[in-house]
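A.B. asks: Take this structure, written in structure tokens, and hold onto it; I'll ask about it next.
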Amino acid sequence: MSRDVAWAAQVALTQEIIAQAFNIPVGELRAATRRKARVALARQIAMYLVHVAFGLNLSEVGLHFGRDRTTAAHACRQMEDRRDDQDFDMLLDRLERAVRAMPVTERMQ
784 MSRDVAWAAQ VALTQEIIAQ AFNIPVGELR AATRRKARVA LARQIAMYLV
834 HVAFGLNLSE VGLHFGRDRT TAAHACRQME DRRDDQDFDM LLDRLERAVR
884 AMPVTERMQ
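Listed below in structure tokens is the structure:
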């Protein structure tokens, strides 16, 4: 399995976790159009977690979500700013633990 394919699988699993947490179809996270605020928030969280949990650069994150690097950067800044809210920070911590607990293929280590 190539490194790119392995990362794509990890990103897809992350998208599934976030979609389930927000009770939205995973396709909504990948949709090219703007959606409801709840979907936008879920997408921003997923982009942020992919960046911090797996260390993908912002261009790679954007690519996996059908967005450009500036959109991924905006999502990450938004999430960092919202971490000042204790409840939101706890939500991100729980989701990050779930994402980091996913199995990682040997090629990705």
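The opening position of the sequence shown corresponds to residue 784 in the numbering used here, with each subsequent residue numbered one higher.
All C-beta atoms in this analysis are idealised placements derived from N, C-alpha and C, irrespective of residue type, glycine included.
For residue 797, count the other beta carbons within 10 Å of its own beta carbon; 16 or more makes it buried, fewer makes it exposed. Which is it?
C.D. replies: Buried is the call here.
A.B. asks: List, from N- to C-terminal side, the alpha helix (DSSP H) runs of 4 residues or more that fit wholly inside the region 784-854.
C.D. replies: List check, alpha helix (DSSP H) in window: 786-805, 809-813, 820-837 and 841-847.
A.B. asks: For residue 833 versus residue 794, is the C-beta spacing smaller than 8 Å?
C.D. replies: It is a contact, given that the beta carbons lie within the stated cut-off.
A.B. asks: Of the choices 789, 799 and 791, whose alpha-carbon is the least far from that of residue 881?
C.D. replies: For the residues 789, 799 and 791, the minimum Cα distance to residue 881 belongs to 799.
A.B. asks: Rank 870, 876 and 858 by C-alpha distance to the C-alpha of residue 825 and give the top, closest one.
C.D. replies: The shortest Cα separation from residue 825 among 870, 876 and 858 belongs to 858.
A.B. asks: Going straight from the alpha carbon of residue 877 to that of residue 790, what length do you get?
C.D. replies: Near 21 Å, if we compare the C-alpha coordinates of residue 790 and residue 877.
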